[in-house]
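> Input: one structure, supplied below.
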Amino acid sequence: MVHIYYGDGKGKTTAAIGLAVRAAGSRMKVLFVQFLKTEFSGERHTLSHTENISLTFCPIELNFTYNMSDEEKAHAAIMFRKIFDDSVTKALTQKFDMIVLDEIFSAIEAGMISEGEVHDFVSNAPKNMEIVLTGHNPSERMLDLADYITEMKKIRHPYDKGVQARFGVEF
Numbered sequence: 000m001v002h003i004y005y006g007d008g009k010g011k012t013t014a015a016i017g018l019a020v021r022a023a024g025s026r027m028k029v030l031f032v033q034f035l036k037t038e039f040s041g042e043r044h045t046l047s048h049t050e051n052i053s054l055t056f057c058p059i060e061l062n063f064t065y066n067m068s069d070e071e072k073a074h075a076a077i078m079f080r081k082i083f084d085d086s087v088t089k090a091l092t093q094k095f096d097m098i099v100l101d102e103i104f105s106a107i108e109a110g111m112i113s114e115g116e117v118h119d120f121v122s123n124a125p126k127n128m129e130i131v132l133t134g135h136n137p138s139e140r141m142l143d144l145a146d147y148i149t150e151m152k153k154i155r156h157p158y159d160k161g162v163q164a165r166f167g168v169e170f
């Protein structure tokens, strides 16, 4: 089945991690793929040491898309397209039970991943594979593929008062 966690509220990645850990604890083989995040996102250390969870490459440094030059965006797009392509191949050839594509909608929105390619993968994936997609603004076309849809809605967040993201809490 296809799970979507989206919106402007906190908790999309956290929900996907919880589902991945539950699946791994039930002896399901999970591939966890992150876009627009770095190797230093706090969850990566624990996930990398969790049996039955495989993580894909993340860059060590990466600016937020709104701080990237056109050259940086072009370079990031090439890198993230390769991560997506390699992850799809790995998920299919190594018969993963679950694939998490964390921040995939944000990567699509930033023009770094083709929505058509993601749609094709999700539409044609093995029926026994759980697919988890997160990010900010999925299109109706992507929402139509989902069996589960959860919208995370921000009511209040410290960022609104100028508090920057905190290590271990927001990243």
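The sequence shown: position 86 = 85 (numbering that gives the first Met the number 0), numbered continuously. C-beta atoms are modelled at their ideal positions from N, C-alpha and C, and glycine is treated no differently. Keep in mind that this is a model prediction, so the values were computed, not measured.
#1: Rounding to the nearest angstrom, what Cα-Cα distance links R80 and I107 in this structure?
#2: Taking 7 angstroms as the limit between beta carbons, can you name the residues of its chain near F56, skipping five residues before and five after?
#3: Output the distance between the C-alpha atoms of F95 and V131, rounded to the nearest integer angstrom.
#4: For T92 and G110, I'd like the C-alpha separation in whole angstroms.
#5: Which ranges does the alpha helix (DSSP H) cover as unbroken runs of at least 4 residues, wholly within the region 87-140, from first to last along the chain?
#6: Excluding the 5 residues flanking T149 on each side, which residues of the same chain have their C-beta closer than 6 angstroms to its C-beta?
#7: Would you grab the beta carbon distance between M41 and G167 for me? Rounded to a whole angstrom, and I think it's under 8 angstroms.
#8: With DSSP as the reference, please indicate the residues paired to F34 in a beta bridge.
#9: Taking the CB atoms as reference points, tell me whether Q163 and D101 lie closer together than 8 angstroms.
#10: Please state the DSSP three-state secondary structure of G24.
#11: Compare the beta carbon distance of E6 and H135 with 8 angstroms and say whether it is the shorter of the two.
#12: At what residues does the beta strand (DSSP E) containing S53 begin and finish?
#13: Please name the residue in G8, V1, H2 and M0 whose C-alpha comes closest to that of I154.
#14: I need the straight-line Cα distance from K89 to A19, nearest angstrom please.
#15: Is there at least one non-hydrogen atom of the ligand COA closer than 7 angstroms to the beta-carbon of D146?
A quick look at the data gives this:
#1: Numbered from 1 along the sequence shown, position 81 holds the residue referred to as residue 80. Numbered from 1 along the sequence shown, position 108 holds the residue referred to as residue 107. Taking the straight line joining both Cα atoms gives about 10 angstroms.
#2: Locating residue 56 in the sequence shown gives position 57, counting from the first residue. So the qualifying residues of the chain are I82.
#3: By 1-based counting over the sequence shown, the position of residue 95 is 96. By 1-based counting over the sequence shown, the position of residue 131 is 132. Whole-angstrom Cα-Cα distance: 13 angstroms.
#4: Counting from 1 along the sequence shown, the entry for residue 92 is found at position 93. Counting from 1 along the sequence shown, the entry for residue 110 is found at position 111. T92 and G110 have their alpha carbons spaced roughly 27 angstroms apart.
#5: Listed in chain order, the alpha helix (DSSP H) elements of length 4 or more contained wholly in the region 87-140 are 103-108 and 114-123.
#6: Your numbering for residue 149 matches position 150 in the sequence shown. Excluding the 5 residues flanking it on each side, T149 has same chain C-beta neighbours closer than 6 angstroms at Y4, in chain order.
#7: Residue numbering aside, residue 41 sits at position 42 when the sequence shown is read from its first letter. Residue numbering aside, residue 167 sits at position 168 when the sequence shown is read from its first letter. The amino acid at residue 41 is misidentified as Met; the sequence shows Gly. The distance from the Cβ of G41 to that of G167 is about 5 angstroms, consistent with a contact at the 8 angstroms cut-off.
#8: Along the sequence shown, one-based indexing puts residue 34 at 35. When DSSP reads this structure, F34 sits in no beta bridge, so it has no partner.
#9: Position 164 of the sequence shown, counting from 1, holds the residue named residue 163. Position 102 of the sequence shown, counting from 1, holds the residue named residue 101. For Q163 and D101, no; Cβs fall outside 8 angstroms.
#10: Mapped onto the sequence shown, residue 24 falls at position 25. In this structure, G24 counts as helix in the three-state DSSP scheme.
#11: Residue 6 sits at position 7 when you count from the first residue of the sequence shown. Residue 135 sits at position 136 when you count from the first residue of the sequence shown. Note on residue identity: the sequence assigns Gly, not Glu, to residue 6. For G6 and H135, yes; Cβs fall inside 8 angstroms.
#12: By 1-based counting over the sequence shown, the position of residue 53 is 54. Here the beta strand (DSSP E) through S53 covers I52 to L54.
#13: Looking up residue 154 in the sequence shown gives position 155. Looking at the Cα atoms, G8 is the closest of the given residues.
#14: For this step, residue 89 is matched to residue 90 along the sequence shown. For this step, residue 19 is matched to residue 20 along the sequence shown. Counting only the Cα atoms, A19 lies some 17 angstroms from K89.
#15: You won't find the ligand COA in this model; it holds no ligand whatsoever.
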